[in-house]
Amino acid sequence: MENNKCTLVVSEILKAGRASLEKRGYTEVVVPRIVRATGACENVNTLFEVGVDGNTKWFGHQAYLAQTGQLYLEALVPDLKKVYCAGPSFRAENEVDDRHLIEFYMMEIEFAGNFSDLLKEIEIYISDIAHQLALVGVNKDLGISPKRLKQLATCPAVFPKVTYDEALDILKGKNEDINWGDDINSKQETILVKYFGEQPLFITHYPDPMYKHDQEIEIEKFFNMLPDPEHPGRVLSSDLILPLAGEAVGSAARVHSAEEMKKRLLNSRMFKRLEKMGGSLEDFAWYINQLEKGSIPHAGCGFGISRITQWILGTTDIKQAVTFVSNKKNII
3 MENNKCTLVV SEILKAGRAS LEKRGYTEVV VPRIVRATGA CENVNTLFEV
53 GVDGNTKWFG HQAYLAQTGQ LYLEALVPDL KKVYCAGPSF RAENEVDDRH
103 LIEFYMMEIE FAGNFSDLLK EIEIYISDIA HQLALVGVNK DLGISPKRLK
153 QLATCPAVFP KVTYDEALDI LKGKNEDINW GDDINSKQET ILVKYFGEQP
203 LFITHYPDPM YKHDQEIEIE KFFNMLPDPE HPGRVLSSDL ILPLAGEAVG
253 SAARVHSAEE MKKRLLNSRM FKRLEKMGGS LEDFAWYINQ LEKGSIPHAG
303 CGFGISRITQ WILGTTDIKQ AVTFVSNKKN II
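Count along the sequence shown from 1, add 2, and you get the number used in the numbering used here.
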């Protein structure tokens with residue numbers, strides 16, 4: 003079903019996002035969308051397999067619809083320093099609700115820099131979009147309420163930040179049933195955003211799922227997130243939580259050592275699941291070869307455009323943030 007209300011808003015967000023990156027020297031890259039497991043996020047069980055006439059090994063091995071262009075961008079950082087891509091992400095989400103889609107649009111960046119630089123890059127991108135949409139919305143009917151436009155115009159340049167451990171302390175103080183190692187759910191994200199004044203909020207330094215904790219942890223992060231040298235058992239990662247929309251940006255500093263990356267990959271839950279699906283280290287051969295040629299410290303993230311659109315429009319329903327809704331019960 004068409005949702006014309008958000009169409010112009012999405013168009014303006016994409017223009018503002020690209021303008022924000024281009025003015026900071028990013029080069030747009032076209033990445034593949036039919037991929038091996040290098041195009042997967044941490045949960046390979048949500049990959050859509052690609053085949054022809056029922057043959058899912060048409061390429062001689064499994065192939066999938068891409069969920070991310072991250073590793074392809076990472077391969078270009080040593081030469082180009084700042085790169086980005088834009089395109090669809092395909093995830094086989096079972097949930098048919100207000101938060102999940104099986105196809106949504108992302109902009110992703112990778113650049114030569116550290117974790118602190120990364121948080122600043124995200125702040126600039128999000129605040130640039132908010133201010134541009136507020137400016138355009140004054141002269142063009144985007145379907146954004148005047149009250150919402152005023153809120154966007156005052157989007158801060160620097161967002162509040164809370165570590166995962168600090169977030170759990172706050173939630174426990176709000177009588178939330180959550181233990182260390184648990185994932186923070188959408189209801190709890192809402193509590194945290196309210197606690198910090200209904201502004202975009204970074205939750206940082208998540209538990210490292212490959213560290214030898216004294217307990218099993220629920221949280222799972224992508225295998226090449228860089229461990230925090232100052233806080234063993236944590237990774238230099240962050241999720242940006244937007245009011246009404248929830249997690250809209252996943253980000254981290256990346257492992258750039260080939261040996262360390264292989265070690266983390268082989269010990270990740272993602273790789274164990276991939277093996278059960280018939281995959282192997284060969285799926286990552288080109289990426290490993292690229293790292294072995296030499297990489298540099300870098301970081302990056304993915305911006306979920308539909309979640310950003312929710313925040314811009316002021317809606318809790320992601321189905322109101324896309325022109326054509328795609329989920330398990332609705333594909334056109």
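Built from N, CA and C at the ideal position, the CB exists for glycine as well.
For residue 229, the pairing in a beta bridge is given by DSSP as 237. The residue among 329, 334, 333 with its C-alpha nearest the C-alpha of residue 99 is 329.
Judged by their CB atoms, residue 136 and residue 155 are nearer to each other than the 7 angstroms cut-off. Scanning its chain for C-beta atoms nearer than 7 angstroms, with the 5 sequence neighbours on each side dropped, one finds around residue 170 the residues 180, 182, in chain order.
Note: residue 92 is bridge-paired with 105 in the DSSP secondary-structure output. Residue 232 and residue 317 have their C-alpha atoms roughly 39 angstroms apart.
Inclusion of residue 88 and residue 35 in the CB contact set at 7 angstroms is not warranted, their separation being larger than that value.
For residue 293, the uninterrupted alpha helix (DSSP H) run begins and ends at 287-295, by DSSP. For residue 253, the enclosing beta strand (DSSP E) covers residues 248-255. Look at residue 86 here: in three-state DSSP terms it is strand. By the beta-carbon neighbour count (other beta carbons within 10 angstroms, threshold 16), residue 54 is exposed. A straight line joining the alpha-carbon of residue 209 with that of residue 261 spans about 21 angstroms. If you compare the alpha carbons of 13, 217, 76, 242 with that of residue 257, the shortest gap goes to 76.
The three-state secondary structure of residue 114, taken from DSSP, is strand. Taking a 10 Å sphere around the C-beta of residue 189, we find fewer than 16 other C-beta atoms and assign the residue as exposed. Membership of residue 204 in the beta strand (DSSP E) is indicated by the continuous run 203-206.
In the DSSP annotation of this structure, residue 302 is not part of any alpha helix (DSSP H); the continuous beta strand (DSSP E) holding it starts and ends at 300-306.
The three-state reading of DSSP puts residue 200 in coil, since its state is none of H, G, I, E or B. With fewer than 16 other beta carbons inside 10 angstroms of its own, residue 140 counts as exposed.
Taking C-beta separations shorter than 8 angstroms and ignoring five residues to either side along the sequence, the partners of residue 146 in its chain run 11, 135, 139, 154, 314, 315, 316, following chain order. As DSSP reads the structure, residue 243 sits in a beta bridge with 203, 249. Taking each of 281, 266, 166, 301 in turn and checking the Cα distance to residue 255, the smallest one comes out for 301. Taking C-beta atoms as the reference points, residue 66 and residue 90 fail to come closer than 7 angstroms. In the DSSP assignment, residue 163 falls within the unbroken beta strand (DSSP E) covering 163-165. Boundaries cannot be given for residue 70, as no alpha helix (DSSP H) includes it and DSSP labels it neither H nor E.
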